[in-house]
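Undergrad:
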Amino acid sequence: MRDGAEGAATAAAMDLLIRYGDALAADRLCDVRNVAGTMTQPSPVKERLVREGGWDKAFAVINLDCDTDIEVPAMRVPTCQLQHGFGPDGRGIVPYPEQRIDLQQDAEAFYGRRGVNILATCTPYQVGSIPVRGEHIAWMESSAVVYANSVLAARTNCEGTASAGAASLTGKIPCWGNHRDENRFGTYLIDVQTPVDSFLDWGMLGYFAGGVAGEEHPVLTGALGRPDLADLKHLGAAAATSGGVELYHIPGLTPEAPTLEAAFGGAKTPEPACYGPAERRAVYETLNSQGDRADVDFVLLGCPHASADQVRRAAAALDGRRLSPGTELWLMLPRALKDVADRSGYTDVIERAGGRLLGDSCPAMSRVAPAGTRVFATDSAKQAHYLPAILGIEAWFGTLEDCVDAAVTGRWRGSLP
Amino acid sequence: MITLHGRTVVPGYAEGEALVSPEPISGWGGIDPAAGRIIEPRHALNGMAFTGKVLVFPSAKGSSGWSGFFQSTRLLGTAPVAMIITRISTKSALGAVVTRVPAVTDLDRDPCALIRTGDWVRVDATHGLIEVKPAAGRS
Chain A
1 MRDGAEGAAT
11 AAAMDLLIRY
21 GDALAADRLC
31 DVRNVAGTMT
41 QPSPVKERLV
51 REGGWDKAFA
61 VINLDCDTDI
71 EVPAMRVPTC
81 QLQHGFGPDG
91 RGIVPYPEQR
101 IDLQQDAEAF
111 YGRRGVNILA
121 TCTPYQVGSI
131 PVRGEHIAWM
141 ESSAVVYANS
151 VLAARTNCEG
161 TASAGAASLT
171 GKIPCWGNHR
181 DENRFGTYLI
191 DVQTPVDSFL
201 DWGMLGYFAG
211 GVAGEEHPVL
221 TGALGRPDLA
231 DLKHLGAAAA
241 TSGGVELYHI
251 PGLTPEAPTL
261 EAAFGGAKTP
271 EPACYGPAER
281 RAVYETLNSQ
291 GDRADVDFVL
301 LGCPHASADQ
311 VRRAAAALDG
321 RRLSPGTELW
331 LMLPRALKDV
341 ADRSGYTDVI
351 ERAGGRLLGD
361 SCPAMSRVAP
371 AGTRVFATDS
381 AKQAHYLPAI
391 LGIEAWFGTL
401 EDCVDAAVTG
411 RWRGSLP
Chain B
1001 MITLHGRTVV
1011 PGYAEGEALV
1021 SPEPISGWGG
1031 IDPAAGRIIE
1041 PRHALNGMAF
1051 TGKVLVFPSA
1061 KGSSGWSGFF
1071 QSTRLLGTAP
1081 VAMIITRIST
1091 KSALGAVVTR
1101 VPAVTDLDRD
1111 PCALIRTGDW
1121 VRVDATHGLI
1131 EVKPAAGRS
């Protein structure tokens, strides 16, 4: 492919994969048939490139790290767009430049014609891109990567914009790291000695796990309840935020770990790190150490993008209530699930309370919060970690109920349950 | 003079003053590409500029936007001149490739312990060779 027999773009893609494979000291590439990357998300650099040479130029530089002019061909393997800038439902609500929404719609048309599925979510596994067990894939988005590896037992490293772009045109990725059998076992043990059985607690356990395990593969045992999709989504996103966790195992629950012994591949089980009441409180206090003003301007739910059931729970918490006049509430979700929320009546309940459902996007990615926001509250450990750095605002972290209370009263009154 | 031997990530040669991170670096959400600075609030290097420096760090952490953010430093003219990475991962490997700076990993000794911020570092990434001239007056 690198010699150009399949076109200049494919040659550039293969050139990037070879440079990248050499950087990793990978001995070969493997076939992938599912790619999740980012092409349509506007950014200042991308806007400049589009002005200079259209989407072909932007794809060449950003998605292939290529300096020569190419034309973007059809994707070789199924490829989806991850979350991006705000969609048309943000017009008039979100202080985000209208021309970026226009630019993004132009990008969607361009890439859609080339076979990119515009899922526009950090959770493609919620809306139709669900790899099967053992499948080699090339995904970006750390929270999706850890979900795919751990919960679905698909195989992916944490890819970047250029490697995912190159994979979409070649169907290849370096066979390194999580793609190889010998690298998929647990390498770190966490013994949970305080009950973990709520959305809040799964996220806090994830934040702890990333902090202590870094890039290791933690195995979680002990006082664990039965997590649902949203709990595991929160766990993985938090672990990939405080550390670099791309794969974890929960013996008896996740597919590659029927037992504790299997999770470690028969190797000796390491001495565990303990997650007890003191560690739990320390995580809560760390995530709540980024603010001292209790006046909340903004409540953010849906990071990673909410499931239909999370939208239902938010609607139930807001039913018959009304947001404080100085406070906004945004719930982020895949646009496909916005349709579900509309049809199920959840959107109506949340909007009657004064909240908004916004498809496609992420305030952290788009670097946008309601105008004048100084203090925000969220039920997501990931957003509580990132948004203060990105937007220079204060953060509170707590349960859905605490966040809705803050939205209704304009005051943070949350505490560790 | 301290000498370290490692493996090529991106070939090439560069030299410059070291900026050594005692902890992993986050790309997206951890650096400001326009300013060429670390911006993570609780990070040991928060507020420090890496433009023109030899960036020495144990590993990459956080979002898959890591490589894209470091590529932006190249496109915006704020990139480091070289990278020395204790433990490689897909984020830092691709990040070094698209930042297009000489980079070395898998060193025979811990670069984050031996190199100090302010030391002058020659990175011969093609041969995996690093030479460190300690800054005057450092212990």
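The listed protein sequences derive, respectively, from chains A and B. What the first sequence shows, in this note's numbering, is residues 1 to 417, in sequence order. What the second sequence shows, in this note's numbering, is residues 1001 to 1139, in sequence order. By construction, the Cβ of each residue, glycine as well, lies at the ideal position given by its N, Cα and C atoms.
VAL196 of chain A and LEU205 of chain A: beta carbons closer than 8 Å?
TA: A contact, by the Cβ cut-off of 8 Å.
Undergrad: Starting from the Cα of ASP295 of chain A, find the closest Cα among A:THR221, A:GLY414, A:GLY225 and give me that residue.
TA: Looking at the Cα atoms, A:GLY414 is the closest of the given residues.
Undergrad: Of the residues that make up the segment 153-174 of chain A, which ones have a beta carbon closer than 7 Å to any beta carbon in chain B?
TA: Cβ contacts with chain B come from ASN157, CYS158, GLU159, GLY160, THR161, ALA162, SER163.
Undergrad: In chain A, what lies closer than 7 Å to SER1072 of chain B by C-beta?
TA: Chain A residues near SER1072 of chain B: VAL45.
Undergrad: Could you round the C-beta distance between ASP360 of chain A and PHE86 of chain A to whole angstroms and report it? I think they count as a contact, below 8 Å.
TA: Yes, they are in contact, since the Cβ atoms of ASP360 of chain A and PHE86 of chain A sit about 7 Å apart, within 8 Å.
Undergrad: At a Cβ threshold of 8 Å, is PRO388 of chain A touching chain B?
TA: Yes, contact with chain B.
Undergrad: Under a Cβ-count criterion, where at least 16 other Cβ atoms within 10 Å of its own Cβ denotes burial, should ILE130 of chain A be classed as buried or exposed?
TA: Exposed, because fewer than 16 other Cβ atoms sit within 10 Å of the Cβ of ILE130 of chain A.
Undergrad: From the beta carbon of LYS1133 of chain B, is the nearest beta carbon of chain A less than 8 Å away?
TA: It does not; no Cβ of chain A falls within 8 Å.
Undergrad: At what residues does the beta strand (DSSP E) containing LYS172 of chain A begin and finish?
TA: Here the beta strand (DSSP E) through LYS172 of chain A covers 172-174.
Undergrad: Distance check for ALA5 of chain A and GLY214 of chain A, CA to CA, integer angstroms please.
TA: Whole-angstrom Cα-Cα distance: 42 Å.
Undergrad: I think THR1105 of chain B touches ILE1088 of chain B, with their Cβ atoms under 8 Å apart; what is that distance to the nearest whole Å?
TA: Right, the Cβ-Cβ distance comes to about 4 Å (below 8 Å), so this counts as a contact.
Undergrad: In this structure, does DSSP put VAL349 of chain A in helix, strand or coil?
TA: VAL349 of chain A falls in the helix class under three-state DSSP.
Undergrad: Ignore the nearest five residues each way along the sequence and tell me which others in THR409 of chain A's own chain have a CB closer than 7 Å to its CB.
TA: So the qualifying residues of the chain are SER324.
Undergrad: Does the beta carbon of THR1078 of chain B sit closer than 8 Å to a beta carbon anywhere in chain A?
TA: Closer than 8 Å: no.
Undergrad: Could you name each continuous beta strand (DSSP E) segment of 3 residues or more that falls completely within the segment 1050-1115 of chain B, going from the start of the chain to the end?
TA: 1054-1057, 1082-1085, 1103-1105, all fully within the segment 1050-1115 of chain B.
Undergrad: Below 8 Å on the Cβ atoms is my contact criterion, and I expect ALA109 of chain A with LEU16 of chain A to pass it. Report the Cβ-Cβ distance as a whole number of Å.
TA: Contact flag wrong, Cβ pair sits at about 26 Å.
Undergrad: Can you pull the chain B residues whose beta carbon is under 7 Å from the beta carbon of THR241 of chain A, in chain order?
TA: Ordered by position in chain B, the residues that pass the 7 Å Cβ test against THR241 of chain A are GLY1062.
Undergrad: What is the DSSP secondary structure of PRO277 of chain A, reduced to helix, strand or coil?
TA: DSSP places PRO277 of chain A in helix when its eight states are reduced to three.
Undergrad: Apart from the five residues just before and just after PRO44 of chain A, which ones in its own chain have a Cβ nearer than 7 Å to its Cβ?
TA: None.
Undergrad: Using a C-beta to C-beta distance shorter than 8 Å, which residues of chain B count as neighbours of MET332 of chain A?
TA: Simply none; closest approach about 16 Å.
Undergrad: Of all the CB atoms in chain B, is at least one closer than 8 Å to the CB of ASP65 of chain A?
TA: Closer than 8 Å: yes.
Undergrad: Within the continuous alpha helix (DSSP H) that includes GLY236 of chain A, where are the two ends?
TA: Segment 229-242, the alpha helix (DSSP H) holding GLY236 of chain A.
Undergrad: With H, G and I counted as helix, E and B as strand and the rest as coil, what does DSSP make of ASN117 of chain A?
TA: If DSSP states are grouped into helix, strand and coil, ASN117 of chain A belongs with the strands.
Undergrad: So VAL311 of chain A and LEU333 of chain A are in contact, right, with Cβ under 8 Å, and what is the actual spacing, rounded?
TA: Yes, VAL311 of chain A and LEU333 of chain A are in contact; Cβ-Cβ is about 6 Å, under 8 Å.
Undergrad: Using only alpha-carbon positions, find the residue among A:GLY186, A:GLY326, A:HIS305 that is nearest to ALA263 of chain A.
TA: When only C-alpha atoms are compared, the closest one is A:GLY186.
Undergrad: Within the same chain, show all residues whose beta-carbon is closer than 8 Å to that of LYS46 of chain A, passing over the 5 residues directly before and after it, in chain order.
TA: Same-chain partners within the cutoff: ALA58, ILE62.
Undergrad: Once DSSP output is grouped into helix, strand and coil, what is the label at ALA36 of chain A?
TA: ALA36 of chain A falls in the strand class under three-state DSSP.
Undergrad: Give me the subset of the segment 100-114 of chain A whose CB atoms are less than 8 Å from a CB atom of chain B, sorted by chain position.
TA: So the list is empty, because no residue satisfies the distance condition.
Undergrad: Determine the burial state of GLN99 of chain A: buried for a count of at least 16 other Cβ atoms within 10 Å of its Cβ, exposed for fewer.
TA: When all chains shown are included, GLN99 of chain A counts as exposed.
Undergrad: Residues in its own chain within less than 7 Å of GLY211 of chain A by CB, not counting five upstream and five downstream?
TA: Cβ neighbours of GLY211 of chain A beyond the five flanking positions: SER242, GLY243.
Undergrad: Find the nearest neighbour of ARG28 of chain A within the set A:LYS338, A:PRO227, A:ARG180, judged by alpha-carbon distance.
TA: Answer by Cα proximity: A:ARG180.
Undergrad: Residues in the same chain with beta-carbon distance under 6 Å from ARG155 of chain A, minus the five sequence neighbours each way, listed in chain order, please.
TA: Around ARG155 of chain A: HIS136, ASN178, HIS179.
Undergrad: Give me, in chain order, the residues of the same chain whose beta-carbon lies closer than 7 Å to that of THR269 of chain A; leave out the 5 immediate sequence neighbours on both sides.
TA: Contacts found: LEU189, LEU260.
Undergrad: According to DSSP, which residues form a beta bridge with ALA254 of chain A?
TA: For the record, residue 254 of chain A in the displayed sequence is Thr; it is not Ala. In the DSSP output, where bridge partners are listed per residue, THR254 of chain A has none listed.
Undergrad: Within a Cβ cutoff of 6 Å, which residues of the same chain sit near ALA273 of chain A, ignoring the five residues on either side of it in sequence?
TA: Excluding sequence neighbours, ALA273 of chain A sits near ILE190, VAL212.
Undergrad: Counting along the chain, where does the alpha helix (DSSP H) carrying VAL45 of chain A start and finish?
TA: That run of the alpha helix (DSSP H) goes 44-58.
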